[in-house]
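Undergrad: Protein chains in written order, with numbering that gives the first Met the number 0: chain A, 0 to 324; chain B, 0 to 251.
Don't be surprised by glycine CBs; every beta carbon is placed ideally from N, CA and C.
None of the values given here were measured: they were computed from a predicted structure.
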Amino acid sequence: MDKDIKKKSTTPRGKSNAKKIPLDKIFQAITFTACLGVILLLGFIIFKLFMESSLSVDKFGFKFITSMEWDPVNGEFGAGAYIFGTIVSSLIAILIATPVSVGIALYLTEIAPPWLSTPVGFLVELLAAIPSVIYGLWGIFVFVPFIRQYIQKPIGDLFGWIPLFSGPPLGIGMLSAGLILAIMIIPIITAISRDIISSVPTLQREGAMALGATRWEVIKYATLPFAKSGILGGIILGMGRALGETMAVTMVIGNRPEIKASLFAPAHSMAAVIANEFTEATDDIYLSALIEVGLLLFLVTFIMNGLARFFIWSVARGPKGGIRQ
Amino acid sequence: MEKVIQVNDVKAWYGSLQTLKGISLEISKNRVTAIIGPSGCGKSTFIRCLNRMHEVVPGAKVEGKILINKTDIYSTQVDPVEIRRRIGMVFQKPNPFPTMTIYNNVASGLKLNGVNNKKVLGEAVEKSLRRAALWDEVKDRLNHSGMSLSGGQQQRLCIARALAVEPDILLMDEPASALDPISTLRIEELVQELKQQYTIVIVTHNMQQAARISDYTAFFLNGEIIEYDITENIFTKPKDKRTEDYITGRFG
Ligand SMILES: Nc1ncnc2c1ncn2[C@@H]1O[C@H](COP(=O)(O)OP(=O)(O)OP(=O)(O)O)[C@@H](O)[C@H]1O
Ligand SMILES: [Mg+2]
Numbered sequence: 000m001d002k003d004i005k006k007k008s009t010t011p012r013g014k015s016n017a018k019k020i021p022l023d024k025i026f027q028a029i030t031f032t033a034c035l036g037v038i039l040l041l042g043f044i045i046f047k048l049f050m051e052s053s054l055s056v057d058k059f060g061f062k063f064i065t066s067m068e069w070d071p072v073n074g075e076f077g078a079g080a081y082i083f084g085t086i087v088s089s090l091i092a093i094l095i096a097t098p099v100s101v102g103i104a105l106y107l108t109e110i111a112p113p114w115l116s117t118p119v120g121f122l123v124e125l126l127a128a129i130p131s132v133i134y135g136l137w138g139i140f141v142f143v144p145f146i147r148q149y150i151q152k153p154i155g156d157l158f159g160w161i162p163l164f165s166g167p168p169l170g171i172g173m174l175s176a177g178l179i180l181a182i183m184i185i186p187i188i189t190a191i192s193r194d195i196i197s198s199v200p201t202l203q204r205e206g207a208m209a210l211g212a213t214r215w216e217v218i219k220y221a222t223l224p225f226a227k228s229g230i231l232g233g234i235i236l237g238m239g240r241a242l243g244e245t246m247a248v249t250m251v252i253g254n255r256p257e258i259k260a261s262l263f264a265p266a267h268s269m270a271a272v273i274a275n276e277f278t279e280a281t282d283d284i285y286l287s288a289l290i291e292v293g294l295l296l297f298l299v300t301f302i303m304n305g306l307a308r309f310f311i312w313s314v315a316r317g318p319k320g321g322i323r324q
Numbered sequence: 000m001e002k003v004i005q006v007n008d009v010k011a012w013y014g015s016l017q018t019l020k021g022i023s024l025e026i027s028k029n030r031v032t033a034i035i036g037p038s039g040c041g042k043s044t045f046i047r048c049l050n051r052m053h054e055v056v057p058g059a060k061v062e063g064k065i066l067i068n069k070t071d072i073y074s075t076q077v078d079p080v081e082i083r084r085r086i087g088m089v090f091q092k093p094n095p096f097p098t099m100t101i102y103n104n105v106a107s108g109l110k111l112n113g114v115n116n117k118k119v120l121g122e123a124v125e126k127s128l129r130r131a132a133l134w135d136e137v138k139d140r141l142n143h144s145g146m147s148l149s150g151g152q153q154q155r156l157c158i159a160r161a162l163a164v165e166p167d168i169l170l171m172d173e174p175a176s177a178l179d180p181i182s183t184l185r186i187e188e189l190v191q192e193l194k195q196q197y198t199i200v201i202v203t204h205n206m207q208q209a210a211r212i213s214d215y216t217a218f219f220l221n222g223e224i225i226e227y228d229i230t231e232n233i234f235t236k237p238k239d240k241r242t243e244d245y246i247t248g249r250f251g
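1) Do you know whose CA, among A:PHE46, A:ASP57, A:ALA92, A:ILE20, lies nearest MET238 of chain A's CA?
2) For the beta strand (DSSP E) containing THR230 of chain B, list its first residue and its last residue.
3) For GLY13 of chain A, which residues in the same chain have their Cβ closer than 6 Å to its Cβ, ignoring the five residues on either side in sequence?
4) Work out the CA separation of LEU148 of chain B and LEU133 of chain B for me, nearest whole Å.
5) Check whether the stretch 181-192 of chain B touches the stretch 105-124 of chain B, counting contact only when three or more Cβ pairs, one atom from each stretch, lie closer than 8 Å.
6) Checking the sheet assignment: what are the DSSP bridge partners for THR70 of chain B?
7) Using the beta-carbon count (16 or more within 10 Å), is GLN203 of chain A buried or exposed?
8) So with Cβ pairs under 8 Å, would you call SER15 of chain B a contact of chain A?
9) Less than 8 Å between the beta carbons of VAL137 of chain B and ILE101 of chain B, yes or no?
10) For ILE252 of chain A, which residues in the same chain have their Cβ closer than 8 Å to its Cβ, ignoring the five residues on either side in sequence?
11) How long is the line joining the alpha carbons of LEU295 of chain A and SER52 of chain A, rounded to whole angstroms?
12) Grouping DSSP H, G and I as helix and E and B as strand, with all else coil, what is LYS238 of chain B?
13) Going along the chain, which residues of its own chain have a beta-carbon closer than 8 Å to the beta-carbon of SER27 of chain B, five neighbours each way excluded?
14) May I have the straight-line CA-CA distance separating MET337 of chain A from VAL141 of chain A, to the nearest angstrom?
15) Within a Cβ cutoff of 6 Å, which residues of the same chain sit near THR9 of chain A, ignoring the five residues on either side of it in sequence?
16) Give a yes or no on whether 8 Å exceeds the smallest Cβ distance from LYS138 of chain B to chain A.
17) If you draw a straight line from the C-alpha of ASN304 of chain A to the C-alpha of GLN76 of chain B, how long is it?
18) Nearest CA to the CA of GLU81 of chain B: which residue from A:THR189, A:ALA221, A:ALA209?
19) Considering just the uninterrupted stretch of the alpha helix (DSSP H) at MET50 of chain A, what are its terminal residues?
20) Out of A:ILE95, A:ARG240, A:ILE110, A:LEU94, which has the shortest C-alpha to C-alpha gap to TRP215 of chain A?
21) Apart from the five residues just before and just after LEU262 of chain A, which ones in its own chain have a Cβ nearer than 6 Å to its Cβ?
22) Return yes when the C-beta of SER43 of chain B is under 7 Å from any heavy atom of ligand 2, and no when it is not.
23) Give a yes or no on whether 8 Å exceeds the smallest Cβ distance from ARG308 of chain A to chain B.
24) From this set, B:ASN103, B:ARG51, B:ARG211, B:TYR245, which residue's C-alpha is nearest PHE219 of chain B's C-alpha?
25) Can you give the Cα-Cα distance for GLU205 of chain A and ALA181 of chain A, rounded to whole angstroms?
26) At a Cβ cut of 7 Å, what residues of the stretch 100-128 of chain A count as close to chain B, listed as they run along the chain?
27) Identify the residues that DSSP records as bridge partners of ASP25 of chain B: which are they?
28) Compute the beta-carbon to beta-carbon distance between VAL123 of chain A and PRO186 of chain A, rounded to the nearest angstrom, for a pair I have assumed lies under 8 Å.
29) Using 8 Å as the Cβ pair cut-off and three pairs as the minimum, do the stretch 54-72 of chain B and the stretch 172-186 of chain B touch?
30) Could you pull the DSSP bridge partners for LEU169 of chain B from this structure?
31) For PHE145 of chain A and chain B, any beta-carbon pair shorter than 8 Å?
32) Can you grab the Cα-Cα spacing for the pair ALA128 of chain A / GLY135 of chain A, in whole Å?
33) Could you tell me the distance, in whole angstroms, from the CA atom of ALA11 of chain B to the CA atom of CYS48 of chain B?
34) Taking the straight line between their C-alpha atoms, what separation do you get for ILE67 of chain B and ILE224 of chain B?
35) Can you find a C-beta in chain B that's less than 8 Å from the C-beta of LEU231 of chain A?
36) Out of B:SER38, B:THR98, B:LEU16, B:THR44, point me to the one whose CA is closest to ILE22 of chain B's CA.
Now the structure itself:
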């Protein structure tokens with residue numbers, strides 16, 4: 000040790016620098032490679048999807064998106080019903096999951112005592128780790144019968160004349176898929192919102208409190224404005240999961256490629272049709288059509304993300320000259 | 000002299016740490032009372048007890064009696080939210096609401112009180128910003144974020160926010176610690192002007208400031224009140240050796 004120091008101090012500066020291992024450079028190279036890898040992989044996947052779907056793209060063109068005709072026997076393919084099913088079921092999920100998740104997060108951070116919020120917070124995180132096939136199984140055997148009996152029947156009896164709630168109470172269908180998705184993304188949105196909300200500075204809350212804000216007003220004046228953009232980021236993550244979810248959706252959505260006004264009607268989704276049919280897709284055009292569905296799923300996720308980000312930007316922009324969190 | 004705040008044997012804890020060990024004093028109406036003492040002696044804790052802000056810290060506890068205008072603010076019938084509405088508070092660190100405009104920051108207290116009339120709000124905002132010596136600097140950008148201001152401007156914005164609701168009592172926790180000498184001077188002038196209407200309790204580390212602006216001074220040490228008297232007496236003929244040591248800088 001002593002000797003080392005001595006040696007170093009006697010060596011001329013330039014020489015000792017040249018011998019030093021350039022750790023900084025190595026670290027930079029490793030992280031850069033990792034980053035580049037992700038970009039290349041993404042580019043490769045998109046390129047492959049484009050290539051493999053070209054047959055179907057050429058044959059059906061734009062009609063592929065608008066048509067609902069999905070007839071493998073006659074070689075007619077249109078993904079309209081799948082796109083509809085994916086977007087609508089995810090929107091139902093977001094609409095239900097957002098208020099519930101933010102509510103739970105606010106309760107855990109602002110109201111619940113620590114002996115309750117710590118274990119409940121842990122349980123919520125555990126929920127996020129349940130495999131989706133288990134949600135699907137539970138959905139078929141427990142949730143769907145429950146929905147049919149206690150939600151669809153009474154609502155159908157009372158509001159069956161509204162197209163949204165018309166048709167027989169099958170249990171399986173768009174509503175069940177949306178609800179299962181909501182249950183699956185609630186833990187994600189809750190966990191993120193909770194972390195964001197608990198990072199709101201105490202000084203902010205106390206500022207509102209000292210002005211005489213009630214508990215709710217503290218949330219409205221200090222907590223939510225501060226946490227808004229972070230919570231919306233959590234919602235986007237949840238939406239991404241809902242759009243791509245396959246197993247749980249295919250188990251409860253009914254797998255019928257139709258566009259119906261009724262939430263009770265069976266529907267289908269993009270991820271579900273790919274998973275269900277890729278083994279049967281023996282001829283080239285069938286396979287190509289499925290891959291085009293995959294490409295469109297990519298695109299839909301991309302567009303929904305972009306829209307959500309635009310939405311965040313417009314609500315969280317805040318007044319001029321301020322910092323954005 | 001009318002006593003607006005009567006504090007009787009107040010003790011306060013953060014968890015098991017006792018930070019106030021029986022404080023008793025009376026604060027006169029329309030006077031400036033300065034709280035001085037070394038860091039960590041309980042000054043902030045004390046003024047936070049006066050508007051029931053101490054208890055919002057998890058695990059914090061208060062004992063004793065505080066009467067404000069003869070009402071026991073710790074009685075069970077009293078809603079702490081009502082108490083805080085009538086007492087303005089400026090924190091040690093500036094804490095404007097970052098997502099609100101300058102205008103809305105100042106108006107927030109009034110809006111919490113249910114004032115929605117644009118004209119009333121506008122007038123109150125201008126008046127408060129003028130009093131906090133900030134109006135000229137921000138009058139052309141009232142719709143900018145409160146965070147776009149410098150630290151010292153933010154602190155004056157917080158002062159304006161506290162003044163906007165016209166509280167009877169104003170608690171200031173080292174309001175000038177983040178300010179330059181000119182802004183500090185303005186705040187001191189403001190305090191002088193405000194005491195015509197308000198009762199002010201101000202925490203300060205600056206002896207000269209306490210001597211300049213306050214009518215009464217309380218010297219705190221380790222959660223106890225060592226001496227409390229008119230400011231002139233504290234600074235010219237302190238009765239306690241520890242007070243003398245502190246104000247002459249020989250403490251420690
Ligand atoms: N939120 C808190 N949790 C736990 N202990 C705290 C908390 N705030 C203050 N304390 C402790 O309480 C004691 C008194 O703190 P207080 O903030 O009242 O001091 P102060 O006189 O205002 O000091 P300063 O001049 O540095 O602001 C200190 O020992 C501090 O460590
Ligand atoms: Mg303090």
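TA: Quick look at the numbers:
1) Put simply, of A:PHE46, A:ASP57, A:ALA92, A:ILE20 the residue whose alpha carbon is nearest the alpha carbon of MET238 of chain A is A:ALA92.
2) Per DSSP, THR230 of chain B lies in no beta strand (DSSP E) segment; the continuous alpha helix (DSSP H) that holds it begins and ends at 230-235.
3) The predicted model places GLY13 of chain A with a pLDDT of 48, which falls under 50 and marks its position as unreliable; any figure quoted below should be read in that light. There are no such residues.
4) 10 Å
5) Because the criterion of three Cβ pairs below 8 Å is not met, the stretch 181-192 of chain B and the stretch 105-124 of chain B do not touch.
6) B:ILE67
7) Counting Cβ neighbours within 10 Å, GLN203 of chain A comes out buried, since at least 16 surround it.
8) no
9) yes
10) GLY84, SER88, ILE171, GLY172, MET173, SER175, ALA176, PRO265, ALA266, HIS267, SER268, ALA271
11) 10 Å
12) In the three-state DSSP reduction, LYS238 of chain B falls in the coil class, being neither helix nor strand.
13) MET0, GLU1, LYS2, VAL3, THR198, ASP214, TYR215
14) Outside the displayed range of chain A (0 to 324) lies residue 337 of chain A, so it cannot be described from this structure.
15) Caution applies to THR9 of chain A, whose pLDDT of 47 falls short of 50 and renders its modelled position unreliable; the value that the coordinates give is listed next. Taken in chain order, the list of residues that qualify is empty.
16) no
17) 51 Å
18) A:ALA209
19) 22-59
20) Selected option, being the one with the closest Cα: A:ILE110.
21) LEU163, MET173, LEU174
22) yes
23) no
24) B:TYR245
25) Straight through space, the alpha carbons of ALA181 of chain A and GLU205 of chain A are spaced by roughly 34 Å.
26) none
27) Contrary to the premise, residue 25 of chain B reads as Glu rather than Asp in this sequence. DSSP lists B:GLN5 as partners of GLU25 of chain B.
28) 5 Å
29) no
30) B:GLY87, B:ILE199
31) With its beta carbon at least 8 Å from every one in chain B, PHE145 of chain A lies outside the interface.
32) Linking ALA128 of chain A to GLY135 of chain A through their CA atoms gives a straight-line distance of about 14 Å.
33) Roughly 8 Å separates the two Cα atoms.
34) 19 Å
35) no
36) The option with the nearest alpha carbon to ILE22 of chain B is B:THR44.
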